[in-house]
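Structure first, commentary second.
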Amino acid sequence: MQNQDQEYLLNHVNPILEQLALYLVKEKPDNVTQASIEWLSVTGAQIENGLHHNQHFHNDTVESSDDTESDEDDYELYANNPIRPDRASVSAEVYGIYNKKTNFKPKIVAKSHLQIQKIKEKLAQSFMFSELDEHDLRIVINAMEVIQCKKGDIIIKQGDDGDNLYIVDEGTLDCSKLKAGQDSIHLKTYKPGESFGELALLYNSPRAATIVAEENCVLFSLDRGTFNHIVKDAAIRKRERYEYFLAHVELLQELDPYSRSQIADALKSKNFNIGDYIVKEGDEGDIFYFLEKGEAVATKVLNQSQPAQVVYFYKEGDYFGEIALLRQAPRAASVIAETPCTVVYLDRETFKRLLGPLEDILTRNFKKYEKYMN
Numbered sequence: 063m064q065n066q067d068q069e070y071l072l073n074h075v076n077p078i079l080e081q082l083a084l085y086l087v088k089e090k091p092d093n094v095t096q097a098s099i100e101w102l103s104v105t106g107a108q109i110e111n112g113l114h115h116n117q118h119f120h121n122d123t124v125e126s127s128d129d130t131e132s133d134e135d136d137y138e139l140y141a142n143n144p145i146r147p148d149r150a151s152v153s154a155e156v157y158g159i160y161n162k163k164t165n166f167k168p169k170i171v172a173k174s175h176l177q178i179q180k181i182k183e184k185l186a187q188s189f190m191f192s193e194l195d196e197h198d199l200r201i202v203i204n205a206m207e208v209i210q211c212k213k214g215d216i217i218i219k220q221g222d223d224g225d226n227l228y229i230v231d232e233g234t235l236d237c238s239k240l241k242a243g244q245d246s247i248h249l250k251t252y253k254p255g256e257s258f259g260e261l262a263l264l265y266n267s268p269r270a271a272t273i274v275a276e277e278n279c280v281l282f283s284l285d286r287g288t289f290n291h292i293v294k295d296a297a298i299r300k301r302e303r304y305e306y307f308l309a310h311v312e313l314l315q316e317l318d319p320y321s322r323s324q325i326a327d328a329l330k331s332k333n334f335n336i337g338d339y340i341v342k343e344g345d346e347g348d349i350f351y352f353l354e355k356g357e358a359v360a361t362k363v364l365n366q367s368q369p370a371q372v373v374y375f376y377k378e379g380d381y382f383g384e385i386a387l388l389r390q391a392p393r394a395a396s397v398i399a400e401t402p403c404t405v406v407y408l409d410r411e412t413f414k415r416l417l418g419p420l421e422d423i424l425t426r427n428f429k430k431y432e433k434y435m436n
């Protein structure tokens with residue numbers, strides 16, 4: 063093999079195939095070919111874009127993956143954003159089957175008991191921290207700093223390097239993005255309980271947007287080192303699990319991978335046992351559900367003198383709860399777990415923001431319930 067061919071394999075083929083192999087080993091899909099095609103079309107393409115953008119940097123990165131000064135081997139999967147050429151020590155986390163971490167000494171930032179309780183509450187609302195065990199959660203809480211911000215303060219700026227993620231405790235913040243040849247575009251308003259800044263840490267990419275305090279705010283900040291050693295693995299695993307699931311939800315086929323990744327980040331999960339009510343007929347509806355695992359049935363009282371009857375069956379990948387959200391009405395039916403079930407869900411505001419483009423499809427799909435609505 064010629065040197066040019068070897069260089070091509072090293073710089074263009076190996077980084078993608080290594081990550082694909084990790085993905086397949088972890089997920090163990092029944093249809094390897096189809097799963098590989100889906101992975102390559104989304105994540106593989108994103109890795110390739112990053113390689114093209116940072117071609118001059120790749121050789122240093124590959125060499126760094128052989129660093130022996132480490133206490134732990136770690137599997138990482140590269141996803142949505144290109145790596146930064148000016149962070150060799152951090153970008154080395156991305157490439158290679160076995161990623162190395164330097165020795166990590168958890169830091170402890172003094173906080174009041176009240177602040178610790180508030181951090182715990184906010185972490186419980188964030189998708190990135192929901193799969194941490196008690197030990198790791200305690201390390202994260204100890205490392206977090208309390209940041210006081212004034213109205214107009216720029217917390218992160220589009221294009222800058224990112225060394226911290228933030229969780230909003232008090233106040234609201236404006237998130238905007240500047241696109242070439244356009245004015246700044248408002249993306250969303252961050253409210254208490256929400257987090258931002260994690261993308262730059264997850265994928266070692268520049269800040270994707272600018273976030274400014276709309277009023278005096280209190281934030282909890284977590285540094286890159288603690289995030290990389292404690293949070294990152296769990297966050298990536300969770301995102302990939304949900305992205306894989308959402309890619310197979312028929313409703314979401316019209317969305318691009320980026321839009322599905324936004325939904326994946328916003329999802330929360332809940333388990334139900336056989337016979338549990340996931341939703342109850344007549345209750346107020348503020349949640350939209352996807353059935354990730356298990357089977358469920360919808361029941362409805364069709365005759366006040368008779369028990370509720372089964373009117374619909376749900377399988378993995380199906381969704382429900384949209385009628386109450388779109389019509390601003392109480393739940394039209396109950397949904398009961400037929401087997402042990404895992405659902406992932408979005409609240410009303412997130413549903414409107416992320417699934418708004420699908421409202422016409424959701425409304426058209428009402429026909430499957432029509433004969434039971436009256």
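Residue numbers (the numbering used here): 63 to 436. Beta carbons: idealized from backbone N, C-alpha and C, even for Gly.
Hey, how far is the Cα of residue i from the Cα of residue j?
i      : j      : result
Phe191 : Ala296 : 8 Å
Ile340 : Asp348 : 13 Å
Gly255 : Phe166 : 28 Å
Gly337 : Ser331 : 18 Å
Tyr85  : Leu71  : 20 Å
Ala271 : Val94  : 36 Å
Ser246 : Gln220 : 11 Å
Lys300 : Leu227 : 17 Å
Lys239 : Leu249 : 7 Å
Pro168 : Ser257 : 21 Å
Lys362 : Gln390 : 19 Å
Arg286 : Tyr265 : 12 Å
Ala370 : Lys342 : 11 Å
Gln440 : His310 : Nothing about residue 440 can be reported from this structure: the residues present for the chain run from 63 to 436 only.
Put residue i into one of helix, strand or coil per three-state DSSP.
i      : result
Asp422 : helix
Val280 : strand
Asp236 : strand
Asn333 : strand
Ile181 : helix
Asp245 : coil
Val372 : strand
Tyr265 : coil
Thr251 : strand
Thr401 : coil
Ile170 : coil
Ser257 : strand
Asp285 : strand
Leu227 : strand
Val311 : coil
Ser396 : strand
Taking the alpha carbon of residue i as the reference point, which residue from the options has its own alpha carbon closest?
i      : options                        : result
Leu353 : Lys253, Val208, Glu277, Val406 : Val406
Tyr381 : Phe350, Glu183, Leu417, Val230 : Phe350
Ile385 : Leu194, Glu346, Gln371         : Glu346
Gly214 : Gln177, His175, Glu277         : Glu277
Ile78  : Ser98, Asp67, Ser396           : Ser98
Pro392 : Gly344, Leu424, Ile398         : Gly344
Leu263 : Gln210, Gly224, Phe413         : Gly224
Asp222 : Ile209, Leu261, Ser257         : Leu261
Val208 : Tyr265, Leu284, Ala271, Gly243 : Leu284
Ile201 : Lys239, Ile218, Lys182         : Lys182
Glu194 : Lys250, Ser238, Gly383, Phe289 : The residue asked about is misnamed: residue 194 is Leu in this sequence, not Glu. With distances taken between Cα atoms, Leu194 lies closest to Phe289.
Leu313 : Asp198, Ser188, Glu421, Asp92  : Glu421
Ile229 : Asn76, Gln187, Val75, Ser174   : Gln187
Glu383 : Tyr304, Ala358, Leu176, Gln366 : Note that residue 383 corresponds to Gly in the displayed sequence, not to Glu. The residue with the shortest Cα to Cα distance from Gly383 is Ala358.
Ile218 : Tyr252, His197, Asp198         : Tyr252
Leu424 : Arg410, Leu388, Asn266, Glu411 : Leu388
Gln315 : Asp67, Pro419, Ser267          : Pro419
Ile292 : Tyr304, Arg269, Glu196         : Glu196
Quick check on the DSSP output: the alpha helix (DSSP H) that includes residue i runs from which residue to which?
i      : result
Thr412 : 410-417
Gln96  : 94-101
Ala326 : 319-328
Ala391 : Taken as a continuous stretch (DSSP letters only), Ala391 belongs to no alpha helix (DSSP H), as it is neither H nor E.
Please report the residue range of the beta strand (DSSP E) in which residue i lies.
i      : result
Thr361 : 358-362
Phe352 : 349-355
Glu207 : 207-211
Ala275 : 272-275
Ile218 : 216-218
Ile340 : 339-341
Once you ignore the five residues that flank residue i on each side, which residues in its own chain have a CB closer than 6 Å to its CB?
i      : result
Ala360 : Val373, Tyr374, Ala395, Val397
Ala204 : According to the sequence shown, residue 204 is Asn rather than Ala. The residues are Ile170.
Gly356 : Thr401, Pro402, Cys403
Phe334 : Ile340, Ala399, Cys403
Residues in its own chain within less than 7 Å of residue i by CB, not counting five upstream and five downstream?
i      : result
Phe307 : Glu354
Trp101 : Leu82, Tyr85
Asp231 : Lys180, Lys184, Pro254, Val280, Leu281, Phe282
Ile14  : Residue 14 lies beyond the stretch modelled for the chain, which goes from 63 to 436, so this question has no answer here.
Leu139 : With a pLDDT of only 29 at Leu139, under the threshold of 50, the placement of this residue in the model should not be trusted; the figure read from the coordinates follows. Counting only Cβ-Cβ distances below 7 Å, and skipping sequence neighbours, we find Gln81, Leu84, Tyr85, Ile298, Glu302.
Any chance the CB of residue i is under 7 Å from a heavy atom of the ligand HEM?
i      : result
Ile340 : Judged by which ligands are present, the structure shown has none, so any question about the ligand HEM falls away.
Give every residue of the same chain whose Cβ lies closer than 8 Å to the Cβ of residue i, excluding the five residues on either side of it in the sequence, and list them in chain order.
i      : result
Leu416 : Ser321, Gln324, Ile325, Ala328, Leu408
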